[in-house]
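A quick write-up on the structure given underneath.
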Amino acid sequence: MKINKILLMGNPNVGKSAIFSRLTGAKVVISNYPGTTVEFTQGYTKIDSSRPAIIDVPGTYTLHPTSRAEEVAVRMIKDGDLVINIVDATNLERNLYLTLELLEQDIPVIVALNMWDDTKHKGIEIDVKKLEKALGIPVIPTCGLTGEGIKELVEHIPKAKAKKINPLKDEERWKHIGKIIEDVQKLHHRHHTFLERLEDLSIRPVTGIPIAALVVLCAFWVIRFVAENLITYLADPFFERIWTPLIMKLSAFLGAGGFLHDIIIGKLIEGELDYSQTFGLFTTGLYVPFAMVLPYIISFYFVLGVMEDFGYLPRLAVLTDNFMHRLGLHGYAIIPMILGLGCNVPGVLAIRILEEKREKFIAATLMAIAIPCMAQIAMIVGLVGQRGGAYVVLIFLTLFILLIIKGIILNKVMKGKSPEILVEMPPYRIPQLLAVFKKLWMRILSFLKEAVPYVLLGILFVNILYVLHVIDALSKIFSPLLRNVWGLPKEAIAALIVGFLRKDVAIGMLGPLNLTTKQLVIGSTVLAIYFPCIATFAVLIRELGIKDMLKSAAIMISVGIVVGGLLNLVLRF
Amino acid sequence: MLISLVDMEPGETGIVMKIDGGFGATRRIQSMGVRIGKRVKKVGARFWRGPQTVLVDNFKVAIGFGMAAKIFVEVERSEDK
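For the record, the sequence lines run as chains A and B.
Everything in the first sequence is counted per the numbering used here, starting at 1 for the first residue and increasing by one.
Everything in the second sequence is counted per the numbering used here, starting at 574 for the first residue and increasing by one.
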């Protein structure tokens, strides 16, 4: 039989993505918590002369799906030619349940006994030969992170045959597994390691809350420290010493004015180039993404990667569960929110780890309104930070309070109640630097590929609108709202328009308007709330459906108007 | 003595005897490895209404408070440890 499609299946967080990346060479995000992969990923491998597709299926405990990610997994079996069942060797018993269910299907199965290296120091001894015999299929010890066993795994693929066993009832299956375990596995007593003790300390409130506070503070500090140093010692010197002279030559060449000059370079301020005011494609269009946003993207994703691989995020979910229930969510919703701080697009996608439509709607709406992405945060820090750090804090505090109020209201208004958290706590692992940097590099690349073009497009777009006097016309129409409600000058409409494309550019556009500090704070806050950027908007439609998205958008716009207005009334500086 | 996961003291172990949830919830919990007849050890705290974390075999599962209240175990108190 020709094998065209190979499925990688297994329980959540057993290392499917690591094996996938080994088999295909494709780069995928790997973390240490259940639910990293919510959508299937496809890649290709090479076996002799054929190139079968390999599919990284979201983790599932059984073939009786209990969540959307699991449903995806189950549906995919029908199209597969072979299943590589990734089994966590340190949790053989639980993992074998899915293995037996897979054997009941009419499809060849190979078992990859992953995390093999962990069994030794966990005092687990597995007789692989006996396990092969008991299951009647090949079992290969592997270690996805180091690549151990992958070659052998590939060698077994062409020889695999379906060995359909008779379907068992639930209890029979567990009984059968019990017998297998008794036969193949020996456990040795061992002492708890420091990391294991730390695992328990970080979920008990008395010790866990101080630990969480420390982790979050450290994370903030490192993110800011790394980013500011990248800006001061790398990005700014590059733009000042190398880029500016080049641009000035180009400006002279273009005749220091005219349509083309205005679009490419922008309007020089008294013959000087000011990256925050000039607004040309090659000036502000490059300075914003590379010198203001990218340093923060790098430092944020570095810190996030370390926390993900360590296995800390689910602990935060346990600690915040109680609080999140008041917002109509459960603790695990903290993970999409944290991812959303990097970029709302992967944040919205991660909402799939939540089970019910209601909580998905709440999580998506809260994220779009109150979780600013790193690009936006970097711009707020860069622009508003010049007027004083307290104003930056004020903006984020406003958004945070908004998140809570909005959550409480949605939880009261929407029918139903939040389901309960039920999630496996991954063991703590010391992150491997190489893996952390690999993941960081992937995320930087996706920022460069997916965000930078929109930044340039946004700046091009707004320049064209200026030239065509569209902005003038719109600013007249919207000036009552802008001036009377938010206290902003009518020119700020341009920022609101660009905000549909990119929030970072939009906040940057507040720069040249000579706003008062109060206006700057209101403008930045409104820009964060009133609508998602186009990329987030697109995934929101896909994930929520048009109807719910329109509802969500209506909430965003009205909240934006109200909050901007309130700030205008309340703030006194 | 049959008590729920919520009422177990941190560090205590017990055998799961009964899961009172609905069909779907029970199935989810069981498929995650918290099954009748399994020995579980409470590793989280008990005094707040947060998720209850238990160690089963070699893995830890956090179970929402309400759900944990429906899982009953026969605790092994110190004399038979």
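For every residue, glycine included, the Cβ atom is placed at its ideal position computed from N, Cα and C.
Start and end residues, beta strand (DSSP E) containing A:Ala18: It is not in any beta strand (DSSP E) - A:Ala18 instead sits in the alpha helix (DSSP H) that spans Lys16 to Thr24.
Short CB-CB distance (under 8 Å) between B:Ala635 and chain A: yes
Beta carbon of B:Ala635 nearer than 8 Å to that of A:Val318: yes
At least three beta-carbon pairs within less than 8 Å, the region 489 to 500 of chain A to the region 277 to 292 of chain A: no
One or two residues paired with A:Met425 in a DSSP bridge: B:Lys633
Coil, strand or helix - A:Val562 by DSSP: helix
Cutoff 8 Å: A:Thr244 Cβ touching any chain B Cβ: no
Reference B:Arg608, options B:Arg622, B:Phe638, B:Val627 and B:Glu585, closest by Cα: B:Val627
Within chain A, the residues that B:Gly617 reaches when beta carbons sit closer than 8 Å: Asp200, Ile203, Arg204 and Val318
Within chain A, partners of B:Phe632 - CB distance below 9 Å: Asp88, Thr90, Asn91, Arg94, Glu424, Met425, Pro426 and Pro427
Proximal residues of chain B, C-beta to C-beta of A:Trp174 below 8 Å: Arg608
Close beta carbons around A:Met414, own chain, < 8 Å, minus the five adjacent residues each side: Gly328, Arg358, Phe361 and Ile362
Alpha carbon of A:Phe194 to alpha carbon of A:Ile297, nearest angstrom: 32 Å
For A:Val29 and A:Cys343, the rounded distance between their alpha carbons: 15 Å
C-beta neighbour in chain A for B:Thr599, strict 8 Å: no
Check whether A:Ile6 and A:Ile55 have beta carbons under 8 Å apart: yes
Boundaries (first-last residue) of the alpha helix (DSSP H) holding A:Val381: Met374 to Leu383
Length of the line joining the Cα atoms of A:Ile177 and A:Gln105: 17 Å
Neighbourhood of A:Gly511 by C-beta distance below 8 Å, restricted to the same chain and skipping five residues each side: Ser276, Gln277 and Leu383
Stretch-stretch touch, CB-based, cutoff 8 Å, three pairs: the region 363 to 383 of chain A with the region 498 to 514 of chain A: yes
Option nearest A:Gly147 by Cα separation, candidates A:Leu135, A:Thr24, A:Asp200 and A:Pro245: A:Thr24
Selected residue, minimal CA-CA separation from A:Glu270, among A:Gly257, A:Ile264 and A:Leu281: A:Gly257
Interface flag, B:Ser604 vs chain A, CB-CB below 8 Å: yes
Cβ of A:Ala18 within 8 Å of any chain B Cβ: no
7 Å Cβ cut-off: residues of chain B touching A:Asn322: Trp621, Arg622 and Gly623
Listed by chain order, chain B residues near A:Gly331 by CB distance under 9 Å: Gly623, Pro624, Ala635 and Gly637
Close beta carbons around A:Val436, own chain, < 8 Å, minus the five adjacent residues each side: Phe302, Gly305, Val306 and Asp309
Cβ-based burial, A:Pro480 [other Cβ within 10 Å; buried from 16]: exposed
Segment contact flag, the region 130 to 138 of chain A with the region 101 to 120 of chain A, C-beta cutoff 8 Å, min 3 pairs: yes
Nearest candidate by alpha-carbon position, reference A:Ser418, set A:Leu260, A:Ala364 and A:His325: A:His325
Environment of A:Ser31 [buried if 16+ CB atoms lie within 10 Å]: buried
Within-8 Å CB hit, B:Met640 to chain A: yes
Completely contained alpha helix (DSSP H) runs for the region 56 to 126 of chain A, where each covers 4 or more residues: 68 to 76, 92 to 103 and 116 to 121
Chain B within 8 Å of A:Lys2, Cβ atoms only: no
Short-range partners of chain B found in the region 60 to 84 of chain A, where Cβ spacing is below 8 Å: Tyr61, Thr62, His64 and Thr66
Contact set for A:Gln519: own chain, Cβ-Cβ below 7 Å, skip 5 residues either direction: Gly487 and Leu488
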